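Note sheet for the following structure.
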Amino acid sequence: MKAEQPEKAKQADIGLLLEGTFPYVAGGVSSWVNQMIRGFPEISFAVVFIGSLEEEYGEAKYELPDNVVHFERHYLYSKRRAPEIKKIEGDAATFAVVEEMHRYFRAPNAHAEGRELFKRLAPELAGGKLNHEDFLYSHRSWDFISAQYREFSSDPSFVDYFWTVRTMHGPVWILADIAKNLIPCKAYHTVSTGYAGLLGALLKHRTGKQLILSEHGIYTKERRIDLFNAHWIPDNRVIFQRDPTEIAYFRQMWMRFFEGIGKICYDASDSIIALYEGNRLRQIEDGANPALTSNIPNGIDVARYAPLRAKRTAETPQVLALIGRVVPIKDIMTFVRAMRTVVNRLPNAEGWIIGPEDEDADYAQECRNLAVGLGIEEKVKFLGFQNLTEVLPQVGVVALSSISEALPLVLLEGFAAGVPAVATDVGACRQLIQGLDAEDQALGSAGSVVGIADPRSLAMAAIELLSDREKWQAASLAGIRRVETYYNQEQMFARYRAIYEAHAWQA
Amino acid sequence: MIIAIVGLLALALEIFAVFWLMPLREGSPYNLLGFLVVHGLASLLLAAFVSAALPPRLRKSPAAVILLLFGFSFFIPVLGLIGQVIAVLVARFLPRIVPDLPYAEIPPIEFEFPPREIRERTKYGQGGLTSRLKDSGVPKEARFKSLLALQGMPPKIANPLLQDMLGDPADEVRLVAYGILDNQEKLINQHIHDEINKLREADTTEMQLIALRRLAELYWELVYGGLVHGDVRDHAMGETDRYLNQAMQIAPDDAGLWFLRAKMLLYKRDPAVEAAFHRAVASGIEEGRVLAYLGQIAFERRDYVEVRRIFSALSEAQYAPRLKQAVKYWSGRATGSMAA
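Quick note, the sequences are listed as chains A and B, same order. Going by our numbering, the first residue of the first sequence is number 3, and it counts up by one from there. Going by our numbering, the first residue of the second sequence is number 24, and it counts up by one from there.
Written as structure tokens, this is what we have:
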């Protein structure tokens, strides 16, 4: 499928800022974005897609709906020519603000001043006194970078420090250019912090329009974990300088960079939306102003899945299905291992892995190898992308072995089709399966919650549901009631409509 | 002042020497000899004068410098002297040409030793780490740091703690613990995959044995390192056993294979374990390496006399430092009171 590029419109209602998701990635946030755009046919959207490298994204996975009147994509780390080298002194007053800004990044829990500081810097970044050249070539920039190195770096290499700073900040000016050239919108809606969030902040300060932030996962936290496991970051400390409890300095720098741009986005946002309470609290911990935060859970088109319940057989199908992309964060390996136990106890049971494998082909291969290694290659089936309305009636239990999730739609889709779930205790899974408040909990449990990377517990919980019809029916009913009561997409659309009205039309 | 006088004296002597030479036309050899003496004296004084005027870096070996300067004026009479005087005057009175190099003097770098972090850092003992990690009341950052410190510990000790961390309320702690465990397991699985391919391609029994041994060890590593649980652990133990059996068919008396078998039997609490350890020793494993295991087996059998006997037989070089306390206790070497 190709993302057909609509004509460049003169203006749009909502500027939707997306990083590494719709329309080039399938599932998760991407399908939510698709659902949202289609849910508001009366609103026109300008979509800005930001990716790292063009080759990392294949063809578009979603067709652009008609109300996307403008689409542009940008790749932050593709090769581009640096500005021509020239001798620049740099503006003293602007660099003083830069210094203030960095001091602010280091000081937690200060909101108002950060917003003001960035408001002063934002217009200078494209065509002002803090252009990319000023950052790359000016004396003041050099002085500032070397002073920061002397004061803070615990890594001895200045060369690595210098280039880390340059590489890390490069995208800021790309985003500033995007902000400068984007068509006018009535409000901006970013679906994460990070680069898209920074772009939102730049747009807000440039245009004075309002910024809405919806976070599914917590971007800064995810980056922190990625960076912790990244192998490309140098560490030049010698044995005497190493502290086993201390993360290498450049790793810390990268983590702080994302924390910093996250803070900028929180500071600039007029409405900060989380999917569930756990994430809202985390946003506050990361610097979001509590007064601006709220929760809007995902909702699904229950009516689309409800007819599937009638298609089910009287017996529980002995099928445990994991619906999701085959990527490490879903911990497919744990699912495969759990299947070893399930098959030991229920020899007729099968494990289906339903989701695209192209995002991380190596990992998919590892998962297949593992199934072979455990001797269950006949029982674990990799089905690729499937139409859920066709597959769900044949599924006994939906399994989710992820190590990190926000509020997974697949559980809700399963519930709507009458399929209970076994999920790891991550994100909002516990809330979805067991209920949030007392009233919700009274609906009953729609399955089980287990610890992460615990194949045995996952298997035992699944076996219980697959083999005990009464339990299965109770869980199925609880799931249906819960999704109909709390997670219907109409409720989600109504709340977003109110937010768009408040921030785009009335503001 | 003195040096100026020396210079003037040298000049005067040279002039005198030249005049001394004048009557040479009349052919007296004494005149030449007199000239050489006076000229030599003048050259020596001049050499002293010039060397004193030289910059310090050129005066490192004064005798050699004076000899060279002396040579100039002695062997090139008059002109050598004039040349040197001019050189000194030029050096003294002409302005120095300083090339405009883009370098500036900077103050020497001060190295901190020991570096900042090592002085500020917290010390984490194993026990402290464990209690920090298990107490979710400890702030997230502190738990996170303890988690990082775990990476420096042997997997056998760190992994069970990491496993506990998988249920931590903080996402970072949980996911980083997961990442560390996952990376270990992935690495071993990758090696297993490679060795299976090597086994398939092995065309000599020697090559087969190498691959089989590695496979048994790798599967055992998954079990011993606490990386696999439940049915998957049973599967890994089954694979260890299977590859071990195949390897032992090729090399029935291999000490390493017997040692691995014994450790596996110990893990399974199989009664055949003692015999396996003895067989490993008989095949060539150093006795000291198995004694501690035999001590453990005797202890589990509640045969404390045997434990004491085994531990008393251990010399210090034969056990790991962390066993020291156990050995002290059981061998009765620790204190006088115990010996009594």
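Idealized CB from N, CA, C, for every residue including glycine. Just so we're clear, the structure is a prediction, and the values are computed from it rather than from any experiment.
Inset, instruction - Could you tell me the boundaries of the beta strand (DSSP E) in which Arg-75 (chain A) lies? - result: 70–77
Legend entry - chain B contact for Lys-223 (chain A) (CB, 8 Å cutoff): yes
Inset, instruction - Would you please state the rounded distance, in angstroms, between the beta carbons of Ala-198 (chain A) and Ile-39 (chain A)? I believe it to be under 8 Å. - result: Not quite, the Cβ-Cβ distance comes to about 16 Å (not below 8 Å), so this is no contact.
Legend entry - Runs of alpha helix (DSSP H) wholly within the segment 280–306 of chain B (minimum 4 residues, chain order): 296–306
Legend entry - Rounded separation between Asp-179 (chain A) and Ala-128 (chain A) - CA only: Straight-line measurement puts the Cα of Ala-128 (chain A) at about 6 Å from the Cα of Asp-179 (chain A).
Inset, instruction - Just grab the DSSP bridge partners of Trp-354 (chain A) for me. - result: A:Ala-323 and A:Lys-383
Legend entry - Counted within 10 angstroms of its Cβ, other Cβ atoms place His-505 (chain A) as buried (16 or more) or exposed: In summary, His-505 (chain A) is buried, with 16 or more beta-carbon neighbours lying within 10 Å of its beta-carbon over all protein chains present.
Legend entry - Sub-8 Å separation of Lys-206 (chain A) and Glu-135 (chain A) beta-carbons: It is not a contact, given that the beta carbons lie outside the stated cut-off.
Inset, instruction - Check whether the Cβ of Ile-465 (chain A) lies closer than 8 Å to any Cβ atom in chain B. - result: At a cut-off of 8 Å between beta-carbon atoms, Ile-465 (chain A) makes no contact with chain B.
Legend entry - Chain-order list of residues whose beta-carbon lies under 6 Å from that of Ile-235 (chain A) (same chain, five-residue window excluded): Phe-252 and Arg-253
Inset, instruction - Flag Trp-243 (chain B) as yes if its beta-carbon sits less than 8 Å from any beta-carbon of chain A, otherwise no. - result: No, no contact with chain A.
Inset, instruction - Note the first and the last residue of the continuous alpha helix (DSSP H) segment covering Lys-131 (chain A). - result: Run containing Lys-131 (chain A): none; DSSP gives neither H nor E here.
Legend entry - Cα-Cα separation between Glu-323 (chain B) and Arg-292 (chain B), rounded to whole angstroms: 10 Å
Legend entry - Residues that Gly-533 (chain A) contacts on chain B, provided the C-beta gap is smaller than 8 Å: For residue 533 (chain A) there is no data in the structure shown, the boundaries of chain A being 3 and 509.
Inset, instruction - Return no unless some Cβ of chain B is closer than 8 Å to the Cβ of Phe-230 (chain A). - result: yes
Inset, instruction - For Thr-315 (chain A), count neighbouring Cβ atoms within 10 angstroms of its own Cβ and tell me buried if that reaches 16, exposed if not. - result: exposed
Legend entry - Beta-carbon separation (whole angstroms), Arg-142 (chain A) vs Ala-94 (chain A), contact threshold 8 Å: 7 Å
Legend entry - Neighbouring residues, chain A, relative to Val-17 (chain B) (Cβ below 7 Å): Nothing can be reported for residue 17 (chain B): it is not among the residues displayed for chain B, which extend from 24 to 363.
Inset, instruction - Output the distance between the C-alpha atoms of Pro-186 (chain A) and Asn-389 (chain A), rounded to the nearest integer angstrom. - result: 38 Å
Inset, instruction - Give the secondary structure of Phe-24 (chain A) by DSSP, where H, G and I count as helix, E and B as strand, and everything else as coil. - result: coil
Inset, instruction - Flag Ser-406 (chain A) as yes if its beta-carbon sits less than 8 Å from any beta-carbon of chain B, otherwise no. - result: yes
Inset, instruction - Locate the alpha helix (DSSP H) running through Ser-140 (chain A), then write down its first and last residues. - result: No alpha helix (DSSP H) holds Ser-140 (chain A); DSSP gives it neither H nor E.
Legend entry - Short CB-CB distance (under 8 Å) between Met-3 (chain A) and chain B: Any reading at Met-3 (chain A) needs caution, since the residue's pLDDT is 49, under 50, leaving its predicted position unreliable; the model's value is listed next. Chain B, which has no Cβ nearer than 8 Å to the Cβ of Met-3 (chain A), makes this no.
Legend entry - Beta carbon of Asp-276 (chain B) nearer than 8 Å to that of Ser-306 (chain B): yes
Inset, instruction - Flag Arg-155 (chain B) as yes if its beta-carbon sits less than 8 Å from any beta-carbon of chain A, otherwise no. - result: no
Legend entry - Cα-Cα separation, Ala-308 (chain A) to Ile-482 (chain A): 9 Å
Inset, instruction - For Glu-195 (chain B), return the contacting residues in chain A, with the cut-off set at a CB-CB distance below 7 Å. - result: Lys-223, Arg-226 and Ile-227
Legend entry - Whole-number beta carbon distance between Ser-54 (chain A) and Leu-78 (chain A), since they are thought to touch under 8 Å: 6 Å
Inset, instruction - Would you mind telling me which residues of chain A sit closer than 7 Å to Leu-5 (chain B), beta carbon to beta carbon, in chain order? - result: Outside the shown range of chain B (24 to 363) lies residue 5 (chain B), about which nothing can therefore be said.
Inset, instruction - Please name the residue or residues paired with Val-399 (chain A) in a DSSP beta bridge. - result: Partner residues in the beta bridge of Val-399 (chain A), as assigned by DSSP, are A:Leu-322.
Legend entry - Length of the line joining the Cα atoms of Ala-340 (chain B) and Leu-346 (chain B): 11 Å
Inset, instruction - Assess, as a yes-or-no matter, whether the segment 215–222 of chain A is touched by the segment 157–177 of chain B under the definition of 3 or more beta carbon pairs within less than 8 Å. - result: Contact fails: fewer than three Cβ-Cβ distances are below 8 Å.
Legend entry - Cα-Cα separation between Ile-233 (chain B) and Gly-377 (chain A), rounded to whole angstroms: 24 Å
Legend entry - Coil, strand or helix - Val-452 (chain A) by DSSP: If DSSP states are grouped into helix, strand and coil, Val-452 (chain A) belongs with the strands.
Legend entry - Alpha-carbon spacing of Ala-270 (chain B) relative to Ala-303 (chain B), whole angstroms: 15 Å
Legend entry - Cβ pair count under 8 Å reaching 3, the segment 87–104 of chain B against the segment 488–498 of chain A: no
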